[in-house]
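> In this note's numbering, each residue carries its 1-based index in the sequence shown increased by 4. Beta carbons: idealized from backbone N, C-alpha and C, even for Gly. The structure presented is a predicted model; accordingly, all values stated were derived computationally and were not measured.
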Amino acid sequence: MGISVIVLIFFVIVGIIMVVVPSLIVKKQGRGPFPYKRSLSIGVLLLVHWVLWLSGFYALLPVRVADAIFLPVWFVLCAFGAVFAGLEFKNNAAFAIPLAGFTFVSFVFALFMEGLSQM
């Protein structure tokens, strides 16, 4: 079994956890308080970064500029996402778990892109 299949299985497991656990928390405890604004903003920034990458926005930029901002921005967003997911867990666990999962998937994908760019 190749590494890509193992990573795919791992992503599927993380995706299921990101959906099932928060729904169980909401079912048991209710929606809880509104998430912190900083946690929402990091989630939105991660989502915008994914949309920009998937739409090919970084391909429109000059190569030096894209190389200078693409991976560093992604790693910084992942670091902030991990920190704010940890802080958010005390306030609203139903939002913190998907944020942590999305951050983790983004981090693993950023490591993959870093390794791919070094080939």
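Leaving aside the five residues before and after residue 47 along the sequence, list all residues of the same chain whose C-beta is less than 6 Å from its C-beta, in chain order.
103, listed in sequence order.
> Determine the burial state of residue 37: buried for a count of at least 16 other Cβ atoms within 10 Å of its Cβ, exposed for fewer.
Label assigned to residue 37: exposed.
> Please classify residue 95: does DSSP put it in a helix, a strand, or coil?
Note: residue 95 maps to helix in three-state DSSP.
> Tell me, please, whether the region 30-44 touches the region 84-101 by the rule of three or more beta-carbon pairs shorter than 8 Å.
Taking 8 Å as the limit for Cβ pairs, the verdict is that the region 84-101 does touch the region 30-44.
> In this structure, how does DSSP classify residue 42 when only helix, strand and coil are distinguished?
Correct three-state label for residue 42: helix.
> Between 112, 72 and 65, which has its C-alpha nearest residue 86's C-alpha?
Of 112, 72 and 65, the residue nearest in Cα terms is 112.
> Enumerate in chain order the residues of its own chain whose CB-to-CB distance from residue 58 is below 6 Å, with the five nearest sequence positions on each side excluded.
There are no such residues.
> Could you check where the alpha helix (DSSP H) with residue 28 kicks off and where it finishes?
Where residue 28 is concerned, the enclosing alpha helix (DSSP H) stretches over 7-33.
> Would you mind giving the Cβ-Cβ distance between residue 159 and residue 75, rounded to the nearest angstrom? I have them listed as a contact below 8 Å.
Outside the displayed span of the chain (5 to 123) sits residue 159, for which this structure offers no information.
> Hey, how far is the Cα of residue 6 from the Cα of residue 26?
Going from the Cα of residue 6 to the Cα of residue 26 covers about 31 Å.
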